[in-house]
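Student: Protein chains in written order, with this note's numbering: chain A, 440 to 1104; chain B, 25 to 329.
Backbone N, C-alpha and C define an ideal beta-carbon position, used for all residues, glycine too.
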Amino acid sequence: MDGQTSSLTGPGASCGAHILSVLCSAAMCGRLRRTVCLCGALATLLWAHACSGETRDLPRNLLEASTTPPAPLPQGTDCKVVRVKERKAPSSNHLAITEGSFASIDPALVHETAGNMVASQMFEGLLLAGHGNLKTRYGHADSYTISEDGKIYTFHLREGLEWSDGTPITTDDFVWSWRRALEPTTAAQAAFLFQDIKGAMAFHSSKGTWDDVGIRADRETGTLTVELAHPAPYFLSLVSEVNFALAPRHVIEAHGDKWLKPKNIVVNGPYIMVVHRNHDRVVMKRNESYWDRKAVRIEKLSFFETESETTAYQWYKTGLVQIATPIPNETVTKLRSQCRQDLILTPNLCTYYLTFNTGNYGGKVNLNRASRKTLLAKIKGLSEGQADAIIAYRAENTFSAPGELKNVPGIDGGFVSKVRHQLMVKDRPQPFQNAKIRKAVDLAIDKEALIAQVLGGDRIAATHLVHEGFADEGFSFAPGSPFDPEKARALLASAGYPGGKGFPTVELVYNTYETHKVIAEYVQRQLKENLGIRITIGNMEWKSLLDKMYNHEFYISRSSWCVDYPDPLSFLEVFTSGHENNYGSYENPEYDRLVKQAREETDPAVRNQLLVRTEEIFNRDQPVIPVYFYTHIYLKHPALKGYLPHVMDRHLLRDSYYESFAQDR
Amino acid sequence: MGGYIIKRLVVGVLVLFAIMSISFFIMRLAPGGPFDEDKALPPEVKANVEAKFGLNKPLYIQYMLAMKGYAQLDFGRSFKEPDRTVMTNLKEHFPISLELGLYAFMVALLIGIGAGMIAGSKPGTARDHLTMSGAMIGISVPNIVLGPILLLFFATYLGWLPYGKWDSWQHKILPSFTLGLVYAAYFSRLMRGGMLEVIRTDYMRTARAKGLPPSLILRRHAIRGAILPTVTYMGPAFASILTGSVVVERIFSVPGVSDFFVKGALNRDYPMVMGVVVLYSALLVFLNICVDIAYTYLDPRVRLR
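#1: With a Cβ-Cβ cutoff of 8 angstroms, do residue 1068 of chain A and residue 790 of chain A count as a contact?
#2: On the premise that residue 281 of chain B lies in contact with residue 114 of chain B, defined as a C-beta separation below 8 angstroms, what is that separation, rounded to the nearest angstrom?
#3: List, in chain order, every chain A residue whose beta-carbon is nearer than 8 angstroms to that of residue 65 of chain B.
#4: If you reduce the DSSP assignment to three classes, tell me which class residue 32 of chain B lands in.
#5: Can you confirm whether the region 599-616 of chain A touches the region 725-734 of chain A when touching is taken to mean that 3 or more C-beta pairs between the two stretches lie within less than 8 angstroms?
#6: Distance cutoff 8 angstroms, beta carbons only. Does residue 1091 of chain A sit that close to anything in chain B?
#7: Quick one: which chain A residues come within Cβ less than 9 angstroms of residue 179 of chain B?
#8: Please check if any C-beta of chain B sits within less than 8 angstroms of the C-beta of residue 717 of chain A.
#9: Could you please tell me which residues of the region 136-162 of chain B, in chain order, have their CB closer than 8 angstroms to any CB of chain A?
#10: For residue 1091 of chain A, which three-state DSSP category applies?
#11: Pull up the DSSP beta-bridge partners for residue 607 of chain A, would you.
#12: In angstroms, rounded to a whole number, what distance separates the CA positions of residue 1092 of chain A and residue 1077 of chain A?
#13: Assign residue 47 of chain B to one of two classes, buried (16 or more other C-beta atoms within 10 Å of its C-beta) or exposed (fewer than that).
#14: Between which residues of its own chain and residue 49 of chain B is the CB-CB distance below 7 angstroms, once the five residues before and five after are set aside?
#15: Compute the Euclidean distance between the alpha carbons of residue 677 of chain A and residue 987 of chain A, then round it to the nearest angstrom.
#16: Run the CB neighbour count on residue 968 of chain A, radius 10 Å, all protein chains shown included, and call it buried at 16 or more, exposed below.
#17: Starting from the beta carbon of residue 750 of chain A, find every residue of chain B whose beta carbon is closer than 7 angstroms, and list them in chain order.
#18: Can you tell me the Cα-Cα spacing of residue 654 of chain A and residue 638 of chain A, whole angstroms?
#19: I believe residue 734 of chain A touches residue 752 of chain A by the beta-carbon criterion, under 8 angstroms. Please report the beta-carbon distance rounded to the nearest angstrom.
#20: Do residue 1003 of chain A and residue 996 of chain A count as a contact pair if the criterion is CB distance below 8 angstroms?
#21: Does the region 874-887 of chain A touch the region 1026-1038 of chain A, meaning 3 or more C-beta pairs lie closer than 8 angstroms?
#22: Just to confirm, is the Cβ distance from residue 757 of chain A to residue 187 of chain B under 8 angstroms?
#23: On the premise that residue 712 of chain A lies in contact with residue 561 of chain A, defined as a C-beta separation below 8 angstroms, what is that separation, rounded to the nearest angstrom?
#24: Assign residue 912 of chain A to buried or exposed, taking buried as 16 or more other Cβ atoms, counted over all protein chains shown, within 10 Å of its Cβ.
#25: Any Cβ of chain A within less than 8 angstroms of the Cβ of residue 37 of chain B?
#26: Any idea what DSSP makes of residue 799 of chain A, helix, strand or coil?
#27: Mapping the DSSP letters down to three states, classify residue 813 of chain A as helix, strand or coil.
#28: Taking the Cβ atom as the reference point for each residue, do residue 643 of chain A and residue 623 of chain A lie within a distance shorter than 8 angstroms?
#29: Near residue 837 of chain A, which residues of its chain fall below 7 angstroms by C-beta distance, leaving aside the five closest residues on each side in sequence?
#30: Does the beta-carbon of residue 1085 of chain A have 16 or more other beta-carbons within 10 angstroms, so that it is buried, or is it exposed?
#31: Quick one: which chain A residues come within Cβ less than 7 angstroms of residue 116 of chain B?
#32: If you measure from the beta carbon of residue 542 of chain A to each beta carbon in chain B, is any gap under 8 angstroms?
#33: Quick one: which residues of the region 68-84 of chain B get their C-beta closer than 9 angstroms to a C-beta of chain A? List them in chain order.
#34: Cutting at 8 angstroms between CB atoms, please list the residues of its own chain near residue 944 of chain A, excluding the five before and the five after it.
#35: Please name the residue in B:252, B:171 and B:309 whose C-alpha comes closest to that of residue 321 of chain B.
#36: Any residues in the region 636-665 of chain A with a beta carbon nearer than 7 angstroms to a beta carbon of chain B? Which ones, in chain order?
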């Protein structure tokens, strides 16, 4: 897969650290053979370069899934069946899968795919993620009601629930667990999943008290009431996320940080951890006090950790694991050409796109041109009077350096030195502030050809933002315009660059990774051939790229987005003004208004229309070049049943079983 | 002697202090922070996370707090794995790296000394050229190339050995060889050089003249003299095997400590990187002191001052 959340290598900190190791070994080798001492460190250095940019594009905040199992993508059209050795049926009721490395499996702290997968087998909340779809199922709750206005959810807890050590579970446990996840001192990165709950973010940022958070438990009736700040039809999906699962209060209070050690751990889900070797493996067995234990069929689970795609594939091939992901690109191509039935390709709710910087480079304010409103909005701490003073000064003078701001009456040097980095006096060429140019660039790139001919056809070409994996959910989209070089040239000409003449050379940046490079080169070639404009491409290490993006120091940048909750809004809200992930500074008041309206709307049909209209505006303004919709690719042992594809990659292994062991319970 | 050791230890601690200070600031020069993700965290969430790890404090206070912690061997919490401390990670994963390092070291010694003796006892012959060509290849092929080739051959084609991981002795063969072979090549060249010198000495001629069988001459007289350069190099070799296992651990999915170094750097996980830097530096300082002390025993001409 291609790249974002995990990590990358490059010239940044890693090299700093490596150079350091070189220096210290040299310094300490003293009079001994210096060269030899260096070689270990040098090997490391070389390797860091060789490996730079190895990363995986696993969505970080997957929540939940689609209604029906998403239709598998077509196999390669011209595949030829090659006979492979029949895979042996497993000899024990044991399922082993590959897993990426995870930061935490504490339900409150989980914030990436791998941790989510491991933790969600052990910790359960009110609802469960759908089995191969996005319809949530009952977990610890056995019923719920939603108020007319869509804001109040009341969950009723099952009777007789208990922890794996026999301690009974009550609604108070939920209140305690959710509060723990939201507590500022817990500092959970996934705390934003609770943001729809009334008062939650105020509590999280220490501005409100717990009493104002809309979470209430009634122990008598066994109900839990959640009040939302606004209607959120996707809230049930959020509740089925592992971040909303229970954490055992009595164990955490007794063992502190060590509560997740196999000897201390107490769970409420279908499996309990028996072995945890950090960065190596997790082994679990069935939890015999789980409320639905009869439905859990696989006896033992193993998660083998690896970051290498080749290793994952080899483990599958040699029978160590029954499910392997991710698989190297070239292996996927090979297996598809052999019509292999154990290779599964399904949509994954993430979209790959190239972001245009629609604002000023570096997000800076042009002192000579910015309006009063922009001055006030962009310069931190500027008073209204000072803004007026700048306007008045400008009438007679021209700023030739940001430092000259201190010549303006009423502004002192101290203030100027504080805001200097936000200022500029001459515009850098900003072609992508013009929507016509953005549109022209988008139209000039043949994405179908890119996917089919360059990337091996295992993704879905995209013309718009919202992933089409939502089609099964009853959501509609506004398709963008297909490849049309004629129209692109006409648009570019009308924007003042006929035949690309005079177009400034701008850079496309991406984080170091082979697939990104291939795409960047393709875009570069297409723009040259179809529009006559030249762009340069540049790669950098992941965190360095993020730094550029956070500071708006780019023209076009590789990006992607994975949904936080299964709803088109999760894609669209990113591009509202001032959103922390709106790196390209796209702003359109109409767009913001529609997103807000869609958020408040309770009628699904009207809401759907609003979302489509929002996306139409997005397509018209074209703040990004959509490239493709992600797919999830994995190998699955043919004898393993009940492991269904899920558009958010959520899998509860309690649903899986082998036919040969089906009678086990 | 005792005074010398104390002096070296004091200097060692100063070196460590310098390394820690430099690393502390160099790491923070790298663009991007530990909690910058492609999904930017909402400001209030990020504020809490940074407060938890003290990243909201001024840099010099962070530095002083960190140094105070290091003095008490407390490296703090890993940014990436919030429920683990750096010390836990080092304690759990360094023994694995150490084990791998020891096996690789043994591989290097056995093969290196053996090959060096074979080559050095009959210099200029076909077997000398053959062994030394092998050694040259061993030095030139980096383990990022050797590892995957060995895996492909022994694990994928032949299926004799498992593909990666660190469980049974079968798992340990390939990584140990991959890591050890380069050093085996170095050792063999040193050993051969030692042999060439010894073989021409008078006492060897005397031994031969006495009519001793060649195998006995080799065992009793030649090796003793020839092995000295090899012994000299053992300390630095062991240190660089231990600190240079990153690639091998990656290739063979060995859950050693070096992965924390690389990933820590990529993730801007400052405490984790610092932990490994300190561990490796302390190891190097310590091994160098040991080697220098060992010198005095091996070679009376070296005097400590």
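Tutor: Judging by the given coordinates:
#1: yes
#2: 6 angstroms
#3: 628, 631 and 1019
#4: helix
#5: yes
#6: no
#7: 753 and 757
#8: yes
#9: none
#10: coil
#11: A:601
#12: 16 angstroms
#13: buried
#14: none
#15: 31 angstroms
#16: exposed
#17: 187, 188 and 277
#18: 9 angstroms
#19: Incorrect: roughly 32 angstroms between the Cβ atoms, too far for contact.
#20: no
#21: no
#22: yes
#23: 6 angstroms
#24: buried
#25: no
#26: coil
#27: helix
#28: yes
#29: 807
#30: buried
#31: 717
#32: yes
#33: 68, 69, 70, 71, 72, 73, 74, 75, 76 and 77
#34: 973, 974 and 975
#35: B:252
#36: 640, 643 and 644
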